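If you're matching positions, the sequence shown starts at 1116 in the working numbering and goes up one per residue. Cβ atoms here follow ideal geometry from the backbone N, Cα and C, with glycine treated the same way. Every value quoted in this text rests on a predicted model; they were computed, and no experiment measured them. The structure appears below as structure tokens.
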Amino acid sequence: MKVIPLLKIFPSRYISLLAFAKSFLLSFGSMFHFSGSLNHSHEKSRWAFTFSVSDLRSITLKEEGWCFLVFKLKEPSASLPALHFHQGGSREFLDSMRRYTNEPHETSLNGLYAQPHYFLKFRWDPYVTTLGGFSKVTNYLFDALRGTEEQQRRPPEEVADLLGEPGFEVITRIDLGTRPQVTRREPLSAEDWTQHQDPEGRMINVSHLKQVIFKGGLCHAVRKEAWKFLLGYFPWDSTLEERKALQRTKTDEYFRMKLQWKSVSEEQERRNSRLRDYKSLIEKDVNRTDRTNRFYEGIDNPGLVLLHDILMTYCMFDFDLGYVQGMSDLLSPILYVMENEVDAFWCFVSYMDQMHQNFEEQMQGMKTQLVQLSTLLRLLDLAFWNYLESQDSGYLYFCFRWLLIRFKRELSFQDVLRLWEVMWTDLPCQNFHLLVCCAILDSEKQKIMEENYGFNEILKHINELSMKLDIEEILHKAEGICLQIKSCKVGLSSFKEENWYFCDYTPTHPEGGDITSVRPRLLSNPFLGHYSPNSFQI
């Protein structure tokens, strides 16, 4: 989105939007019978307006998704709607304006099409920037996600005019029905885990096993082995001997990569600024990661050395991404569970494959998830979403930290272990973490709305939830929300056009039973162009 001031204009020119039934004509030129700076009362339609270019203060252009323009007038009380160009034409219109402007004005118009600027600080420090200055995150994501500087709303009586527009669906309220009550079970025991292995060590009845893990998690004694399967380090159908051979191969590969950075001389390091920067960031982060946990507490703790070495080796594995602050928070629980450098590294690699887009330069993963989360919340609770939107919080920027490192700083260390292993089952859907967000917000909406919190108060309140959340209550509610959506058969066409992984999921008795097969179904999304469209079901 670009916003430019208009430096100089010729006052004899006017912009008009004429609306006849469903047809619209946008023109730029001379008007000889015109008085006043703004006229909304064209006899043909209440949507028409005309204003003098001399009264124009700035133009906002958004090209992501459907392109639209917003004209800002000098008169503060004058409010104009956004002009959407669903079939193109925005550039042609600006070209027409350019013919009637002088050089400074033309320079301003050309600036609308300049390439977007991404803040370098988010490349190196998205996490600390988020924690230390949420206003910076807000400004960055506000420009990236929001269509205009301020929401342009139509009067209620005009909403009906949109109902006949092709390609649009106006939904004021969707009855999702009663939210189902769900039950959770005790964590999977070591004995139960062993019963899911055949004599050669292959895991059997994997669908049922994942269901049990989703419903109750794992006892700590099982995590070291089970996480390797959940993260994809070990194939579910591999034998014990095949896994031993895989570990030998992966061990050799790991230490070859580790030797690469270990053997860099001081002279080489001085000539490699990227490696030097990675190393500096890692050393700073390692010394402040989970220092209250016994595995990492104290000075010269072996756990800190392993944390450092694994992160440095990951820089060799993926040098383009390297190290970005926040990645140490993802590695810490994995290393704690594995208690082995090599296994922790390869499990971390698998987890980073899922989280990679969160840390990339353009932060496409974060922007996409925030858009999806806003869409989901709007479906679930339109009144609450409208309230947040009225407080400039409709795109849920305050959830940034939740999504960036998947609740690592919101929950106790043990609750993080439980939540992650539940999410790694990919049940009941691969976007279950977004339902977790909605579950938390559902618990907090009453206080936020009753106290009439504004933008800053909402942000402060959400930050203060850290270490106060009940993971079992959240998981109960998140699963119930998923089943509630699944049971709703009407009114979800707009929602289904978003990029969602929702599975054919049927809950079972905690002690077992038949499991409906899990088949993720995906639709394309403009934010994630590499995905292929498929059918979608809830």
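For Tyr-1348, the CB contacts under 6 Å within the same chain, skipping 5 residues up- and downstream, are Trp-1461, Cys-1462 and Ser-1465 in chain order. Restricting attention to alpha helix (DSSP H) runs no shorter than 4 residues, the segment 1325-1393 encloses them at 1335-1345, 1355-1377 and 1381-1385, ordered along the chain.
Beyond the five residues adjoining it in sequence on each side, Glu-1588 comes within less than 7 Å, by CB distance, of no other residue in the same chain. Judged by DSSP in its simplified three-state form, Cys-1430 adopts helix. Under the three-state reduction of DSSP output, Thr-1540 falls in the coil class, being neither helix nor strand. In the same chain as Trp-1539, and ignoring 5 residues on each side of it, the C-beta atoms closer than 7 Å to its own belong to Leu-1345 and Leu-1346, in chain order. Closest by C-alpha distance to Trp-1351, out of Cys-1334, Ser-1489 and Asn-1320, is Asn-1320. For Ser-1602, the uninterrupted alpha helix (DSSP H) run begins and ends at 1586-1602, by DSSP. Within 10 angstroms of the beta-carbon of Ile-1414 lie fewer than 16 other beta-carbons, which makes it exposed.
Arg-1206 sits in a helix when the DSSP states are folded into three classes.
Put simply, of Phe-1183, Gly-1204 and Leu-1209 the residue whose alpha carbon is nearest the alpha carbon of Val-1168 is Leu-1209. For the segment 1483-1559, the continuous alpha helix (DSSP H) assignments of 4+ residues that do not extend past its boundaries occur at 1497-1505, 1515-1519 and 1528-1538, in sequence order. Nearest neighbour of Tyr-1429 by Cα position, chosen from Met-1442, Pro-1417, Gly-1418 and Leu-1419, turns out to be Met-1442. Thr-1404 carries a coil assignment under DSSP once its states are collapsed to helix, strand and coil. In this structure Ser-1489 touches Tyr-1510 by the C-beta definition: roughly 5 Å separates them, less than 8 Å. Fewer than three beta-carbon pairs drawn from the segment 1557-1566 and the segment 1533-1549 are found closer than 8 Å, and the two stretches are therefore not classed as touching. Its Cα nearest to that of Glu-1476, the residue Tyr-1438 stands out among Tyr-1438, Met-1427 and Lys-1394. The three-state reading of DSSP puts Leu-1396 in helix, counting H, G and I together. The alpha-carbon separation between Gly-1292 and Ser-1602 amounts to approximately 8 Å.
With a contact defined as Cβ atoms closer than 8 Å, Gly-1569 and Gln-1469 miss out at about 35 Å. Looking at the DSSP output, Met-1318 sits in a beta bridge with Gln-1312. Note on geometry: alpha-carbon atoms of Ala-1554 and Val-1531 lie some 16 Å from one another. In this structure, Leu-1584 lies away from Leu-1542, with their beta-carbon atoms at least 7 Å apart. Annotation for Ala-1336: Ala-1305 place their beta carbon closer than 7 Å to its own, counting only its chain and skipping 5 residues before and after. Distance from the Cα of Arg-1300 is smallest, within the candidate group Lys-1325, Thr-1309 and Glu-1315, for Lys-1325. Cβ atoms of Asp-1405 and Phe-1528 come within 8 Å of each other, at about 7 Å. Nearest C-alpha to Glu-1356 among Glu-1315, Gln-1479, Met-1372 and Gly-1480: Glu-1315. Relative to Glu-1536, the option among Gly-1204, Thr-1165 and Lys-1330 whose CA is nearest is Lys-1330. Judged by DSSP secondary structure, Glu-1572 falls within the alpha helix (DSSP H) whose first and last residues are 1570-1578.
Straight-line spacing of the CA atoms in Gln-1479 and Val-1420 works out to 32 Å. Pairing Ser-1388 with Glu-1382, the inter-Cα distance amounts to about 11 Å. The DSSP-derived three-state label of Phe-1166 is strand. DSSP, read as helix, strand or coil, puts Leu-1198 in strand. By a beta-carbon distance limit of 8 Å, Leu-1518 contacts Met-1481. Their separation comes to about 6 Å. Arg-1386 and Glu-1368 have their C-alpha atoms spaced approximately 26 Å apart.
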